[in-house]
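Position in the sequence shown (first residue = 1) + 57 = our numbering.
We put the CB at the ideal spot given by N, CA and C, even for glycine.
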Amino acid sequence: MLAKRVIPCLDVHAGQVTRGVQFGKAEEGGLRNVGDPVELAVRYDEQGADELVFFDITASAHGRQSMVEMIQRVAEKCFMPLTVGGGIRSLADMQTMLKAGADKVSINSSALADPDLIRSGAEKFGSQCIVVSIDAKRVPQDRWEVFSHGGRKSTGLEAVAWAQEAVSRGAGEIVLNSIDADGTKAGFDLEITRRISETVSVPVVASGGAGTLEHMAEVLLEGRADAVLAASIFHFGQFTVAEVKNYLAGRGITVRLL
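Now the structure itself:
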């Protein structure tokens, strides 16, 4: 059995790691400063994180250059794979981040606007480099709808169908973000995670809602996820990556231990 992965996530705004709740926005005062991204990356690398995900939430040319420089610095200091998302709209953007030291790039709104970007990225860099991130929110009639633009704009797409299409176009991994659960520490959305995990042939990373060690075990066991992504519980010192892995191993879940 492949080892399940534990992945800290760093949302970067104006050169600092921030954290919001249910996709809170900087302009709305919904973000809390957490710290320096390079320092946090080194900490998580030392704790045994399987990967690290960076999301650039600074929509500016200056912010993009800062992100490139930050990825270069992290890649020099850390050995774990790095995934970078946020504002990646073209093959050139992908190449810039991969050259800076990222192992994967994550696309969301740009893939929704131009699904062919998934295929062209996979053809140029390999499917293993292309992650499609899906922001899903539960709506009436037992349906999960895909949202774009940081969870602000409904697309009308059904989440499972979009995940299947993304994989058919060449996505090598799906990150499923629950808008309802994001930052609440109330647990992952197990049902939509399971539905997508059971219908696509690539790894699914569960995101949004981690608050306890049990939440992480649940989404890996009941939600059938291949990896668990979390932010707040790591950033604010509630748990270390090693503590999470030791707990999961105790539950009989295969993980890579230091």
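- Within the same chain, T115 come within 6 Å of A71 by CB-CB distance, once the 5 residues on both sides are set aside.
- The shortest C-alpha to C-alpha distance from S166 to any of N90, F136, A287 and W219 is the one to W219.
- Of the candidates E96, A98, A149 and E103, A149 places its Cα closest to the Cα of R121.
- Inter-segment contact for the stretch 175-185 and the stretch 203-217 is absent: fewer than three beta-carbon pairs are separated by less than 8 Å.
- Annotation for I145: M151, M154, V162, S163, I164 and S167 place their beta carbon closer than 8 Å to its own, counting only its chain and skipping 5 residues before and after.
- The beta carbons of G208 and A238 sit about 12 Å from each other, so the pair does not count as a contact at 8 Å.
- When the Cα atoms are used, N90 and I128 turn out to be separated by approximately 19 Å.
- CA-CA distance, N303 to L314, rounds to 8 Å.
- Cα atoms of V189 and A288: separation of roughly 19 Å, rounded to the nearest angstrom.
- For the pair R308 and A274, the CB atoms are nearer than the 8 Å cut-off.
- Note that the C-beta distance between K194 and I253 is not below 8 Å.
- Counting along the chain, K210 sits inside the beta strand (DSSP E) bounded by residues K210 to E215.
- The beta carbon of C66 sits closer than 6 Å to those of V110, L286 and A288, all from its chain and outside the five residues before and after it, given in chain order.
- Less than 8 Å separates the beta-carbon of L233 from that of I191.
- Y101 and V298 have their C-alpha atoms roughly 7 Å apart.
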